[in-house]
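Keeping their order, the protein sequence lines are chains B and Y. Per full-length UniProt numbering, numbering through the first sequence is continuous, rising by one, with the last residue being 349. Per full-length UniProt numbering, numbering through the second sequence is continuous, rising by one, with the last residue being 349. Ideal placement from N, C-alpha and C gives every residue a C-beta, glycine not left out. Source: prediction; values computed, not measured. Notes to accompany the following structure.
Protein chains: 2
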Amino acid sequence: MRYVMVQIPNPPAPASPAPTRSVPTSADVARLAGVSRATVSYVLNNAGAVRISEPTRRRVREAARELGYVPHAAARSLRAGHSRMVLMPAPAFPVGPLYSQFISDLQSALGRLDYTVVQYGTVGLHDDEAARAWAELRPVAVLVPGSGLGPRGVEVLKRSGARAVVTLGPESVEGAHALLLDHDVVGHSAGAHLFDRGRRRIGVVVPREPGLEAFSAPRLAGVRAALRGTGATVTELPLAHDEGAAARLAARWRDLGLDAVFTYNDEYAMLLMRALEDEGVRIPEEVAVVGADNLMLGRLLRPRLSTVHLELPSGRELAGLVDRAVRDPAAAPEARKVLGATVVRRESS
Amino acid sequence: MRYVMVQIPNPPAPASPAPTRSVPTSADVARLAGVSRATVSYVLNNAGAVRISEPTRRRVREAARELGYVPHAAARSLRAGHSRMVLMPAPAFPVGPLYSQFISDLQSALGRLDYTVVQYGTVGLHDDEAARAWAELRPVAVLVPGSGLGPRGVEVLKRSGARAVVTLGPESVEGAHALLLDHDVVGHSAGAHLFDRGRRRIGVVVPREPGLEAFSAPRLAGVRAALRGTGATVTELPLAHDEGAAARLAARWRDLGLDAVFTYNDEYAMLLMRALEDEGVRIPEEVAVVGADNLMLGRLLRPRLSTVHLELPSGRELAGLVDRAVRDPAAAPEARKVLGATVVRRESS
Chain B
1 MRYVMVQIPN
11 PPAPASPAPT
21 RSVPTSADVA
31 RLAGVSRATV
41 SYVLNNAGAV
51 RISEPTRRRV
61 REAARELGYV
71 PHAAARSLRA
81 GHSRMVLMPA
91 PAFPVGPLYS
101 QFISDLQSAL
111 GRLDYTVVQY
121 GTVGLHDDEA
131 ARAWAELRPV
141 AVLVPGSGLG
151 PRGVEVLKRS
161 GARAVVTLGP
171 ESVEGAHALL
181 LDHDVVGHSA
191 GAHLFDRGRR
201 RIGVVVPREP
211 GLEAFSAPRL
221 AGVRAALRGT
231 GATVTELPLA
241 HDEGAAARLA
251 ARWRDLGLDA
261 VFTYNDEYAM
271 LLMRALEDEG
281 VRIPEEVAVV
291 GADNLMLGRL
301 LRPRLSTVHL
311 ELPSGRELAG
321 LVDRAVRDPA
331 AAPEARKVLG
341 ATVVRRESS
Chain Y
1 MRYVMVQIPN
11 PPAPASPAPT
21 RSVPTSADVA
31 RLAGVSRATV
41 SYVLNNAGAV
51 RISEPTRRRV
61 REAARELGYV
71 PHAAARSLRA
81 GHSRMVLMPA
91 PAFPVGPLYS
101 QFISDLQSAL
111 GRLDYTVVQY
121 GTVGLHDDEA
131 ARAWAELRPV
141 AVLVPGSGLG
151 PRGVEVLKRS
161 GARAVVTLGP
171 ESVEGAHALL
181 LDHDVVGHSA
191 GAHLFDRGRR
201 RIGVVVPREP
211 GLEAFSAPRL
221 AGVRAALRGT
231 GATVTELPLA
241 HDEGAAARLA
251 ARWRDLGLDA
261 VFTYNDEYAM
271 LLMRALEDEG
281 VRIPEEVAVV
291 GADNLMLGRL
301 LRPRLSTVHL
311 ELPSGRELAG
321 LVDRAVRDPA
331 AAPEARKVLG
341 ATVVRRESS
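Put into structure tokens, the structure is as follows:
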């Protein structure tokens, strides 16, 4: 952690080291250690430029420990004009294991750059309203997954002091840097693979779960783009993630006349494969199946599931990008495609 | 959201409505609306007790909108002495879908009680060190999942002004309220069920993944407790969540002489069932299998997986508990068991 040194107004000082239950202040620490409040700040905030003897440093640290004093992040940020807080609104869509891991890596990488990463769920708030709620925490940067932020929201955040607003999703938003997770490539890889395997009548599962359109629509578009001009057909298959819905789709499968299906992801693949198996539809003889996300799940299915492996940028790379944006708040917003995709072929296609 | 009205010192006022890029203040709003700063606070913080005419309220809101002004949570909390922030450190263990849903419900419920729920990952920090990092954000309450907080950490948080510290895990910590997720009951249910099904030589999968001991150890202990005095045996089966490890365990399965296995959860069940199937071990004829968590996954396996359904308290119930603890910070710490378990029997046992 790195601290910015601040001096904040204190409540009236108690006559002796703070009694249990009152919140100790830096003045209490200064009094107990017999040093000035500035010295306390220097020591506890590791201000390297200032020369303070090791015994004094030790005395301050011991006093802080004895009193249970910790610096106040909000006070620091009020004085500094900004915080080291990177706010990451919790995504509004159901998060799979791949994405969770990605977010966790990114948080660690930002932590190593001395940022405090805070996730803030704003359930039920949208657009400007959500941006205002985020702005109240006065983050130095906001990294927004998904597609819930508009240009007005970006403006609200910047006016409240955010030095960088970065979206992480399918589209750019005016005024914000964009890390484009362009899911077209996922569908494109799946479509091209199925075409290469000789399939010409291709179904595409589109989850009915709210919040997934931002991913499923470009994946579908990617399949269409891969097959454009080839004469192959694309059939949209809306599907909820439950057994009944999968059974109903499987029951009318043979009427659809499809010879392949891209299932949106591996979890929908498992659901649909089970239902097709229960109907006696043979995989891959009658229908080739391709999932996405490359979860272990797919290797445990029989036939083993072909899948699209998503290549996300490293947390370290993204953290560096956020950091550069914070250091140069006047820079023109940049958009950068950060998602790659490769097919892992197994037995199902 | 509910706001506490505060007056905070302002930087020198600009001569005209704030120019683009500077952060607008409540003084700017007051000037543009032609009212006092107190009126701005009353209006924007919805202080219901104060009578202000609707046209004035409208003028203030319009000025705030025009300037892009949002209240500053940190300033509010500095003046109020505490925030409405409930800090939930991100858990250090891999989180399954069941737990994710639980956390998300809890956050919504706290949000409805006007708390701002912030998740804060402190990767690599432990005990007191983590508690100090949390304390810097000056949360009004801290809800700690898992078992990473000790009595000293609780003290640090309370000294920094947290009115309630609540742990959500297998054990109580001195000074904190405890919502005991006692995983003994999960293992106990599984063990008793397998015994009822006539099984006497019972294996228990213990994940090798770090961070899961807090759950796996009590689940194992629960199985042992259920079988104590019955003459049935319990065999610990350490297992990593990868195919190679599962294949190695399955290869020596028949030497183990087990007739049942409790697999820790449904995901390990899928992994082990696949490996046993590849070895030609018949389920449930040769070995009965019980998972836990009652995921959809288990219904998609063949044979369909028996599982332990975990009964977590509702988010609303827990949120109410946190709120009561905040309102009565002097109350003696309470421990309360909040986890129930029932077996859902399917084809695998």
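Determine whether the beta carbon atoms of residue i and residue j lie at a separation below 8 Å.
i: His309 of chain Y; j: Thr342 of chain Y; result: yes
i: Val154 of chain Y; j: Ala176 of chain Y; result: yes
i: Arg159 of chain Y; j: Pro71 of chain B; result: no
i: Asp242 of chain B; j: Asp266 of chain B; result: no
i: Ala240 of chain Y; j: Glu277 of chain Y; result: no
i: Trp253 of chain B; j: Glu285 of chain B; result: no
i: Val43 of chain B; j: Arg31 of chain B; result: no
i: Ser306 of chain Y; j: Ser348 of chain Y; result: yes
i: Ala275 of chain Y; j: Leu249 of chain Y; result: yes
i: Ala141 of chain B; j: Val206 of chain B; result: no
i: residue 357 of chain B; j: Tyr115 of chain B; result: Shown here, chain B extends from 1 to 349; a query on residue 357 of chain B therefore has no answer.
i: Ala246 of chain B; j: Leu212 of chain B; result: no
i: Val40 of chain B; j: Ser53 of chain B; result: no
i: Ala332 of chain B; j: Ala325 of chain B; result: no
i: Leu113 of chain B; j: Asp328 of chain B; result: no
i: Val35 of chain Y; j: Tyr69 of chain Y; result: no
i: Pro89 of chain B; j: Ala63 of chain B; result: no
i: Arg201 of chain Y; j: Gly257 of chain Y; result: yes
i: Val117 of chain Y; j: Val118 of chain B; result: no
What is the DSSP secondary structure of residue i, counted as helix, strand or coil?
i: residue 350 of chain B; result: The first residue shown for chain B is 1 and the last is 349, placing residue 350 of chain B beyond what the model contains.
i: Arg201 of chain B; result: strand
i: Thr116 of chain B; result: strand
i: Val166 of chain B; result: strand
i: His309 of chain Y; result: strand
i: Leu181 of chain B; result: coil
i: Val144 of chain B; result: strand
i: Phe289 of chain Y; result: A small correction: the amino acid at residue 289 of chain Y is Val; Phe does not occupy that position in the sequence shown. In the structure shown, Val289 of chain Y sits in a strand (DSSP, three-state: E or B).
i: Ala341 of chain Y; result: strand
i: Pro89 of chain Y; result: strand
i: Glu174 of chain B; result: coil
i: Pro9 of chain B; result: Per-residue confidence for Pro9 of chain B stands at a pLDDT of 31, beneath the threshold of 50, marking its modelled position as unreliable; the derived number appears in the next sentence. Pro9 of chain B falls in the coil class under three-state DSSP.
i: Leu239 of chain Y; result: strand
i: Glu347 of chain Y; result: coil
i: Ala247 of chain Y; result: helix
Give me the Cα-Cα distance between residue i and residue j, rounded to the nearest whole angstrom.
i: Arg282 of chain B; j: Val261 of chain B; result: 13 Å
i: Ser83 of chain Y; j: Trp134 of chain Y; result: 13 Å
i: residue 371 of chain B; j: Arg199 of chain Y; result: The structure shown does not extend to residue 371 of chain B, since chain B is modelled only from 1 through 349, so no value can be given for it.
i: Ala164 of chain Y; j: Glu171 of chain Y; result: 17 Å
i: Gly320 of chain B; j: Leu110 of chain B; result: 8 Å
i: Phe102 of chain B; j: Val186 of chain B; result: 17 Å
i: Leu105 of chain Y; j: Arg316 of chain Y; result: For the sequence presented, residue 105 of chain Y should be read as Asp rather than Leu. Roughly 8 Å separates the two Cα atoms.
i: Arg152 of chain Y; j: Leu295 of chain Y; result: 37 Å
i: Pro139 of chain B; j: Val344 of chain B; result: 40 Å
i: Phe195 of chain Y; j: Ala269 of chain Y; result: 18 Å
i: Glu66 of chain Y; j: Ala33 of chain Y; result: 10 Å
i: Ala178 of chain B; j: Arg132 of chain B; result: 20 Å
i: Asp255 of chain Y; j: Ser108 of chain B; result: 43 Å
i: Pro55 of chain B; j: Gly161 of chain Y; result: 29 Å
i: Arg57 of chain B; j: Tyr99 of chain Y; result: 43 Å
i: Arg219 of chain Y; j: Arg336 of chain B; result: 47 Å
Quick one: does the C-beta of residue i sit closer than 7 Å to a heavy atom of the ligand FMN?
i: Ala30 of chain Y; result: The model depicted lacks the ligand FMN and carries no ligand whatsoever.
Report back the beta-carbon spacing between residue i and residue j to the nearest angstrom; my notes put them in contact at under 8 Å.
i: Gly203 of chain Y; j: Leu168 of chain Y; result: The Cβ separation is near 29 Å, so there is no contact.
i: Gly191 of chain Y; j: Val144 of chain Y; result: Gly191 of chain Y to Val144 of chain Y, Cβ: 29 Å. No contact.
i: Gly150 of chain B; j: Val173 of chain B; result: 6 Å
i: Val290 of chain B; j: His193 of chain B; result: 6 Å
i: Asp184 of chain B; j: Ala221 of chain B; result: 6 Å
i: Val287 of chain Y; j: Asp259 of chain Y; result: 6 Å
i: His188 of chain Y; j: Ala226 of chain Y; result: 5 Å
Below 9 Å on C-beta distance, what does residue i contact in chain D?
i: Tyr120 of chain Y; result: Although the question refers to chain D, the structure presented lacks it and instead comprises the protein chains B and Y.
Practice task
Note down, in chain order, all residues in the region 149 to 163 of chain B with a beta-carbon under 7 Å from any beta-carbon belonging to chain Y.
Solution key: Glu155, Val156, Arg159, Ser160, Gly161
Problem - Members of the region 310 to 321 of chain Y near chain B, C-beta cut-off 7 Å - result: Along the region 310 to 321 of chain Y, there is no position whose C-beta sits under 7 Å from a C-beta of chain B.
Exercise for the section: For the region 125 to 139 of chain Y, enumerate the residues whose C-beta is nearer than 8 Å to any C-beta of chain B, in chain order. Expected result: Arg132, Ala133, Ala135, Glu136, Leu137, Arg138
Practice task
Could you list the residues in the region 190 to 220 of chain B with a C-beta less than 8 Å from some C-beta on chain Y, going in chain order?
Solution key: none
Problem - Within 8 Å of chain Y by C-beta, residues of the region 225 to 250 of chain B in sequence order - result: His241, Asp242, Glu243
Exercise for the section: Please name the residues in the region 281 to 305 of chain B whose beta-carbon is closer than 7 Å to at least one beta-carbon of chain Y, in chain order. Expected result: Arg299, Leu300
Practice task
For the region 249 to 275 of chain B, enumerate the residues whose C-beta is nearer than 7 Å to any C-beta of chain Y, in chain order.
Solution key: Met270, Leu271, Arg274
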